[in-house]
Amino acid sequence: MEEIVLIGGGGHCKSCIEVIEAEDKFKIIGIVDTKEKLRQKVLGYEVIACDEDLPKLVKEHKNFLIAIEQIKSPEKRIEKFEYLKSLGANFPVIISPLSHVSKHATIGEGTIIMHNVIVNAGTTIGKNCIINTGAIIEHDAVIGNRCHISTGAIINGGTKVKEGTFFGSNSMAKEYIEIGENSIIGGE
1 MEEIVLIGGG GHCKSCIEVI EAEDKFKIIG IVDTKEKLRQ KVLGYEVIAC
51 DEDLPKLVKE HKNFLIAIEQ IKSPEKRIEK FEYLKSLGAN FPVIISPLSH
101 VSKHATIGEG TIIMHNVIVN AGTTIGKNCI INTGAIIEHD AVIGNRCHIS
151 TGAIINGGTK VKEGTFFGSN SMAKEYIEIG ENSIIGGE
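Heads up: the sequence shown begins at 1 in UniProt numbering, then just goes up one per residue.
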């Protein structure tokens, strides 16, 4: 089983841990967070390092996942992802075994598909995305890089969601529309 390091130890990290444990492909070796949180635990996993330790961690470990939520802005997720990529980090795709992802869909690196998600045929999801619990991404939809599709959201067929967009809980996108970059679609 390959090892993985999680970046960020907040509430979203707990959900990521749940999915990683269920998928059973990676062994979580620890979490990176602030110096103040060193040696604290999140669901039994220790905060083993802070940002200044990242160059050393990338030399010691291959796989990373950005476990920072994206509600107001994707900036922290982007910053950490790009910095770690520049150091040579690998970002596997994490998919809950409780979700259905079509074999005809494409999922970008560092994206996590949470529990009870449906991703249908012809869909493309970019890198460093969160497809949160219970979301539905219909056929031929395109989700850009660094997007967060929230809990229970529905992206109907052929819809294009551009980079950096936050799509709120229980929101729905009509089929074949385009949602611009860095948009915030409020939840219901």
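Using N, Cα and C, we set each Cβ at its ideal position, and we do this for glycine too.
Short Cβ contact (7 Å threshold) for F64 with V5: yes
F91 - DSSP class collapsed to helix/strand/coil: In the three-state reduction of the DSSP assignment, F91 falls in the coil class, being assigned neither a helical nor a strand state.
Cβ-Cβ separation, C13 to V42 (assumed contact under 8 Å), whole Å: 6 Å
Within 7 Å, strictly: CB atoms of A141 and T123: yes
Contact between the region 97–104 and the region 36–51 (3+ Cβ pairs under 8 Å): no
Run of the beta strand (DSSP E) containing E3, from where it starts to where it stops: Taken as a continuous stretch (DSSP letters only), the beta strand (DSSP E) holding E3 covers E2 to I7.
Cα-Cα separation, R39 to I48: Taking the straight line joining both Cα atoms gives about 6 Å.
Residue nearest to G77 in terms of C-alpha spacing, selected from S171, C147, S169 and V161: Looking at the sequence shown, residue 77 is not Gly but Arg. The residue among S171, C147, S169 and V161 with its C-alpha nearest the C-alpha of R77 is C147.
One or two residues paired with K160 in a DSSP bridge: V142 and E178
Limits of the beta strand (DSSP E) - the one that K27 falls within: F26 to V32
C-beta atoms of I143 and I125 nearer than 7 Å: yes
H100, DSSP secondary structure in three states: strand
Three-state class that DSSP yields for V117 in the structure shown: V117 falls in the coil class under three-state DSSP.
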